[in-house]
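Peer 1:
In the numbering used here, the protein residues as written are 185 to 545.
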């Protein structure tokens, strides 16, 4: 599935909120972490990833429920009724008007994120029950919140007389890389120096899962580790995207990375503040670099198959041709490199090996 971040607006202030400072409170959209501005861009990214569905998240998608419903309709129209759409929201903004619109737009599944710090809106969970869609509860596994989590699940069991809520997902709690999360300030520690996962989250989840199993509640319960989310779900999406966007000169690694030869202009190639430099280029500078890269391609001519990358102002060719024609390419006054990078819109570089200088990454 693709992940559609429909807005950064949200009425809740969860202390563990994982979204970035750039997204938090800002009404902006992303599809698989790519900034998006319209339906065409969303559809294109879904196609590139070969996704069979989308998960709509935020912020809170119900904060912009009209927009959310429109995008659900668009996806269903483009990809068909079997294209699965699920949505994450909190009970706080639930009302009949919003839910009617989401259901009529074709939403297949709604996942609720009730607060574990207040019971104020738990009663609104009942509002999703009259609709014929899949319903689940999705909450973090927070050490020290075992009692309130059990109380929530007891409440859900009693409320859901017709057994329409079919699953509960417990997500491993993680340290968020933003300025407003207070997870660390509350004394939580990570499992290791290189992990974002919180110590005790897995143990807490096991206790809650055993509690539900012993109670014989009707809903299934799952624990989703940080590693599962990052390693498996994202890797599959990256592999599919790589297969859809690869050039004839690219090699796709087992992990879905693109391995390619690259010619960079000396003025703008990987190094200190490379990405910041790209982001801050003026239109005049961009035009100058476009002209230079087009001239560079003309110099290469038909000798080596290559493609201009208009976003990073570079030329892409095969690893094999870079090594084979290194002597000739070295005469063109550019930086030559072997690159391994993500097949995402920003093409984040995993490894850059320069062949023409000692320039560091």
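Ideal Cβ placement from N, Cα and C applies to all residues, glycine included.
What are the boundary residues of the beta strand (DSSP E) that includes residue 446?
Peer 2: 442-448 is the extent of the beta strand (DSSP E) around residue 446.
Peer 1: Going along the chain, which unbroken runs of the alpha helix (DSSP H) with 4 or more residues stay wholly within the segment 198-261?
Peer 2: For the segment 198-261, whole alpha helix (DSSP H) runs of length 4 or above, ordered along the chain, are 223-233.
Peer 1: Would residue 253 and residue 289 be called neighbours here (beta carbons separated by less than 8 Å)?
Peer 2: Yes, these two residues count as a Cβ contact at 8 Å.
Peer 1: Say whether the segment 460-471 touches the segment 436-446, bearing in mind that this needs 3 or more beta-carbon pairs closer than 8 Å, one atom from each stretch.
Peer 2: Cβ pair count under 8 Å is below three, so no.
Peer 1: List the residues that DSSP assigns as beta-bridge partners of residue 391.
Peer 2: Looking at the DSSP assignment, residue 391 forms no beta bridge with any residue, so it has no partner.
Peer 1: So, is residue 534 buried or exposed, given that buried needs 16 or more other C-beta atoms within 10 angstroms?
Peer 2: That one is exposed.
Peer 1: State the Cα-Cα distance for the pair residue 216 and residue 427, rounded to the nearest angstrom.
Peer 2: Those two C-alpha atoms are separated by around 16 Å.
Peer 1: To the nearest angstrom, report how far apart residue 218 and residue 399 are at their CA atoms.
Peer 2: Rounded to whole angstroms, residue 218 to residue 399 spans 43 Å at the Cα level.
Peer 1: Return the Cβ separation of residue 189 and residue 207 in integer angstroms, given the expectation that the two are a contact with Cβ distance under 8 Å.
Peer 2: The Cβ separation is near 7 Å, so the contact holds.
Peer 1: Are the beta-carbon atoms belonging to residue 344 and residue 316 less than 8 Å from one another?
Peer 2: No, Cβ-Cβ distance for residue 344 and residue 316 is not below 8 Å.
Peer 1: Helix, strand or coil for residue 545 per DSSP?
Peer 2: Note that residue 545 scores a pLDDT of 47, beneath 50, so its modelled location is shaky and nothing firm can be said.
Peer 1: Do you know how far the Cα of residue 538 is from the Cα of residue 201?
Peer 2: Each residue's alpha carbon lies about 39 Å from the other.
Peer 1: Is it buried or exposed, residue 129, if we count other Cβ atoms within 10 angstroms and call 16 or more buried?
Peer 2: Because the chain in this structure spans residues 185 to 545, residue 129 falls outside the shown range and cannot be described.
Peer 1: At a cut-off of 7 Å, would you count residue 287 as near the ligand NAP, judging by its Cβ distance to the nearest heavy atom?
Peer 2: Summarising the ligand content, the structure contains no ligands, and the ligand NAP is consequently not present.
Peer 1: May I ask you to report which of helix, strand or coil DSSP gives residue 324?
Peer 2: Residue 324: strand per DSSP, three-state reduction.
Peer 1: Using a Cβ-Cβ cut-off of 6 Å (strictly less than) and excluding sequence neighbours within five positions of residue 544, which residues of its own chain qualify?
Peer 2: At residue 544 the pLDDT is 48, less than 50, meaning the model places this residue with poor confidence; the figure from the coordinates comes in the next sentence. So no residue of the chain qualifies.
Peer 1: Quick check: what's the CA-CA separation for residue 451 versus residue 299?
Peer 2: Each residue's Cα considered, the two are about 51 Å apart.
Peer 1: Alpha carbon to alpha carbon, what distance is there between residue 482 and residue 470?
Peer 2: Each residue's alpha carbon lies about 18 Å from the other.
Peer 1: Roughly how many angstroms lie between the CA atoms of residue 374 and residue 459, to the nearest whole one?
Peer 2: When rounded, the distance between both Cα atoms is 29 Å.
Peer 1: Checking 8 Å against the spacing of the C-beta atoms, do residue 186 and residue 238 come in under that value?
Peer 2: The answer is yes: Cβ separation under 8 Å.
Peer 1: So for residue 360, helix, strand or coil by DSSP?
Peer 2: Residue state, collapsed to three classes: coil.
Peer 1: Taking all protein chains shown into account, do 16 or more other C-beta atoms lie within 10 angstroms of the C-beta of residue 404, making it buried, or fewer, making it exposed?
Peer 2: So residue 404 counts as exposed.
Peer 1: Inspect the beta-carbon positions of residue 325 and residue 379 and report whether they are closer than 8 Å.
Peer 2: No, these two residues do not count as a Cβ contact at 8 Å.
Peer 1: Taking 6 Å as the limit between beta carbons, can you name the residues of its chain near residue 513, skipping five residues before and five after?
Peer 2: Hits under 6 Å: 520.
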